[in-house]
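**Student:** One structure follows; several queries about it will come next.
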């Protein structure tokens with residue numbers, strides 16, 4: 001029997017090209033080396049970075065080669081090199097995050113070929129059978145396992161990357177409580193770190209959704225006097241107790257003028273952390289818009305020694321530790337991945353449109369294979 005299969009992928013060339021489904025031949029017997037595994041992908045999850053990378057691919061900067069969408073994946077190992085860690089075997093179900101900047105590989109593909117010693121954000125799939133009453137039956141085990149690596153890892157970095165000491169007296173303010181990253185953060189904060197108080201800012205229509213997630217207090221951004229309500233919580237409800245961390249998952253600068261009244265002093269290792277920057281991003285914005293709003297200028301400013309508070313832009317790195325913590329919490333039935341919707345592979349454009357609408361509440365899943 002021939003070992004050559006058809007490899008379908010959602011690809012683009014640069015910001016001026018539309019995403020499309022392309023096909024090429026892949027020889028499963030020769031496409032990997034002794035240190036690599038071949039994964040048949042069953043499900044992939046969409047993330048804002050997928051669209052950001054596409055629309056940041058300026059034709060004068062990036063190559064003319066096909067680039068593939070997707071970071072999060074779940075699938076089955078179908079081939080394995082002789083020098084691969086023996087914990088990864090043919091037939092194993094795995095999930096993870098593939099790190100590739102404008103690369104030919106992405107999770108919106110039938111197959112991934114990777115070195116698990118270099119792509120550290122990989123683990124064995126977890127059993128989510130305890131979610132029967134939480135997840136709509138349309139989501140299968142691959143969908144659920146593909147949903148969380150990037151967002152859980154980002155939340156992990158926010159909580160652990162600055163060496164903050166978390167206790168039952170700690171307080172966190174989350175701007176953008178409804179995002180998938182924020183829903184991972186609240187679960188780590190409450191169920192693993194036992195943090196005492198987490199306040200969320202969100203649309204008033206999302207209060208019930210976010211209360212169920214575990215937020216102790218919620219403030220509506222679509223109602224007047226957001227800053228006054230935050231200050232009131234600090235001064236009255238918390239008796240002057242300020243936040244140890246302000247985490248921004250959607251993009252804002254509104255807290256800067258009052259930062260000293262709500263965030264603990266810099267000397268106490270308090271932080272203002274963002275994954276977006278000072279303005280809300282349009283996921284399908286171009287390179288100039290993206291670079292002006294987030295990393296370059298904000299990264300430079302983050303090293304400002306004269307700023308009166310600690311500020312940083314969080315960038316996720318491929319690590320095994322957040323995959324391990326996710327598995328630990330899942331084994332204890334302490335983590336519920338936030339899911340929004342499911343699309344078949346051929347309907348990838350509808351899935352991308354939903355992502356770019358900024359209206360998803362939870363992760364959008366792309367079903368790559370079902371056999």
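Numbering (the UniProt record's numbering), first residue to last: 1 to 371.
All C-beta atoms in this analysis are idealised placements derived from N, C-alpha and C, irrespective of residue type, glycine included.
1. Answer with buried or exposed for residue 315, where buried requires no fewer than 16 other C-beta atoms within 10 angstroms of its C-beta.
2. Hey, out of 41, 156, 54, whose CA is closest to residue 371's CA?
3. Just how far apart, CA to CA, sit residue 138 and residue 367?
4. What's the gap between the Cα of residue 63 and the Cα of residue 51?
5. Please report the straight-line C-alpha distance between residue 225 and residue 23, rounded to a whole angstrom.
6. Just how far apart, CA to CA, sit residue 158 and residue 241?
7. Among 141, 77, 202, 168, which residue has its Cα nearest to the Cα of residue 183?
8. Just reading off the alpha helix (DSSP H) that residue 209 is part of, what are its end residues?
9. How many Å lie between residue 68 and residue 109 at the Cα?
10. Taking the alpha helix (DSSP H) that residue 228 belongs to, which residues open and close that run?
11. Is the Cβ-Cβ distance between residue 255 and residue 175 less than 9 Å?
12. How about residue 106 and residue 10: do their beta carbons lie closer than 9 Å?
13. Please list, in chain order, all residues of the same chain as residue 83 whose beta carbon is under 7 Å from its beta carbon, the five residues on each side excluded.
14. When you compare the CB positions of residue 73 and residue 180, do they come within less than 9 Å of one another, or not?
15. Suppose contacts are defined by Cβ-Cβ distances below 9 Å. Is residue 278 in contact with residue 253 by that definition?
16. Could you work out which residue in 46, 7, 273, 259 is closest to residue 364 when comparing CA atoms only?
17. When burial is assigned at 16 or more other CB atoms within 10 Å of the CB, is residue 143 buried or exposed?
18. What is the DSSP secondary structure of residue 62, counted as helix, strand or coil?
19. For residue 198 and residue 15, what's the separation of their Cα atoms in angstroms?
20. If we ignore side chains and look at the alpha-carbon of each, how far apart do residue 100 and residue 239 end up?
21. Based on Cα-Cα distance, which residue from 274, 318, 360 lies nearest to residue 311?
22. Below 6 Å CB to CB, which residues in the same chain sit around residue 166 once its five sequence neighbours on both sides are set aside?
23. Take residue 29 as the anchor and find which of 80, 66, 269 has the nearest alpha-carbon.
24. Exposed or buried, which one is residue 19 when buried takes at least 16 other CB atoms within 10 Å?
25. Name the two residues that bound the continuous alpha helix (DSSP H) containing residue 151.
26. So is residue 228 buried or exposed if we call it buried at 16+ other beta carbons inside 10 Å?
27. Cutting at 8 Å between CB atoms, please list the residues of its own chain near residue 76, excluding the five before and the five after it.
28. To the nearest angstrom, how far is the alpha carbon of residue 31 from that of residue 188?
29. Any idea if residue 154 is buried or exposed, counting beta-carbon neighbours within 10 angstroms, 16 or more meaning buried?
30. Please name the residue in 267, 309, 209, 222 whose C-alpha comes closest to that of residue 258.
31. Can you look up residue 358 in the DSSP assignment and give me helix, strand or coil?
**Tutor:** Considering the structure as presented:
1. Residue numbering aside, residue 315 sits at position 315 when the chain shown is read from its first letter. Its Cβ having fewer than 16 others within 10 Å, residue 315 is exposed.
2. Along the chain shown, read from residue 1 onward, the residue named residue 371 stands at position 371. The option with the nearest alpha carbon to residue 371 is 41.
3. For the purposes of this step, residue 138 is identified with residue 138 of the chain shown, where counting begins at 1. For the purposes of this step, residue 367 is identified with residue 367 of the chain shown, where counting begins at 1. Separation of residue 138 and residue 367 (C-alpha to C-alpha, rounded to the nearest whole angstrom) is 11 Å.
4. In the chain shown, counting from the first residue as 1, residue 63 sits at position 63. In the chain shown, counting from the first residue as 1, residue 51 sits at position 51. Going by C-alpha positions, residue 63 is about 17 Å away from residue 51.
5. Locating residue 225 in the chain shown gives position 225, where the first residue counts as 1. Locating residue 23 in the chain shown gives position 23, where the first residue counts as 1. So the two alpha carbons sit approximately 53 Å from each other.
6. The sequence position of residue 158 within the chain shown is 158, counting from 1. The sequence position of residue 241 within the chain shown is 241, counting from 1. Using only the alpha carbons, I get a separation of about 21 Å.
7. As a position in the chain shown, residue 183 is number 183, starting the count at 1. Residue 202 is the option with its Cα nearest to residue 183.
8. Residue numbering aside, residue 209 sits at position 209 when the chain shown is read from its first letter. Counted as a single uninterrupted DSSP element, the alpha helix (DSSP H) harbouring residue 209 occupies residues 207-213.
9. As a working mapping, residue 68 is identified with position 68 in the chain shown. As a working mapping, residue 109 is identified with position 109 in the chain shown. A straight line joining the alpha-carbon of residue 68 with that of residue 109 spans about 8 Å.
10. Taking the first residue of the chain shown as 1, we reach residue 228 at position 228. First-last of the alpha helix (DSSP H) with residue 228: 226-232.
11. The count along the chain shown starts at 1 and reaches residue 255 at position 255. The count along the chain shown starts at 1 and reaches residue 175 at position 175. Contact check for residue 255 against residue 175 passes: the beta carbons are separated by less than 9 Å.
12. For the purposes of this step, residue 106 is identified with residue 106 of the chain shown, where counting begins at 1. For the purposes of this step, residue 10 is identified with residue 10 of the chain shown, where counting begins at 1. The Cβ atoms of residue 106 and residue 10 lie closer than 9 Å to each other.
13. Position 83 of the chain shown holds residue 83. The residues are 34, 35.
14. Your numbering for residue 73 matches position 73 in the chain shown. Your numbering for residue 180 matches position 180 in the chain shown. No, the Cβ-Cβ distance between residue 73 and residue 180 is not below 9 Å.
15. The count along the chain shown starts at 1 and reaches residue 278 at position 278. The count along the chain shown starts at 1 and reaches residue 253 at position 253. Cβ distance < 9 Å, so residue 278 and residue 253 count as in contact.
16. Locating residue 364 in the chain shown gives position 364, counting from the first residue. Of the candidates 46, 7, 273, 259, the one whose C-alpha sits nearest the C-alpha of residue 364 is 46.
17. Position 143 of the chain shown, counted from the start, is the residue given in the question as residue 143. The residue is buried, with at least 16 neighbouring Cβ atoms inside 10 Å.
18. For the purposes of this step, residue 62 is taken as residue 62 along the chain shown, with counting starting at 1. DSSP places residue 62 in coil when its eight states are reduced to three.
19. Here the question's residue 198 lines up with position 198 in the chain shown. Here the question's residue 15 lines up with position 15 in the chain shown. Residue 198 and residue 15: Cα-Cα distance of roughly 39 Å.
20. For the purposes of this step, residue 100 is taken as residue 100 along the chain shown, with counting starting at 1. For the purposes of this step, residue 239 is taken as residue 239 along the chain shown, with counting starting at 1. Answer to the nearest angstrom: the Cα atoms are 47 Å apart.
21. Taking the first residue of the chain shown as 1, we reach residue 311 at position 311. Nearest option by C-alpha distance: 274.
22. Here residue 166 corresponds to residue number 166 of the chain shown, with the count starting at 1. Excluding positions up to five away in sequence, the list reads 193, 195.
23. Along the chain shown, one-based indexing puts residue 29 at 29. Minimum Cα distance to residue 29 is reached at 80.
24. One-based indexing of the chain shown puts residue 19 at position 19. Under this definition residue 19 is a buried residue.
25. One-based indexing of the chain shown puts residue 151 at position 151. In the DSSP assignment, residue 151 falls within the unbroken alpha helix (DSSP H) covering 149-160.
26. By one-based count along the chain shown, residue 228 stands at place 228. By the 10 Å Cβ count, residue 228 comes out exposed.
27. Here the question's residue 76 lines up with position 76 in the chain shown. Excluding residues within five positions, the ones whose Cβ falls inside 8 Å are 39, 40, 42, 91, 92, 93, 94.
28. Taking the first residue of the chain shown as position 1, residue 31 is located at position 31. Taking the first residue of the chain shown as position 1, residue 188 is located at position 188. Approximately 38 Å, taken between the alpha carbons.
29. Residue mapping note: residue 154 aligns to position 154 of the chain shown, counting from 1. Its Cβ being crowded by 16 or more others within 10 Å, residue 154 is buried.
30. Taking the chain shown and counting its residues from 1, one reaches residue 258 at position 258. Looking at the Cα atoms, 309 is the closest of the given residues.
31. Along the chain shown, read from residue 1 onward, the residue named residue 358 stands at position 358. It is coil, neither helix nor strand.
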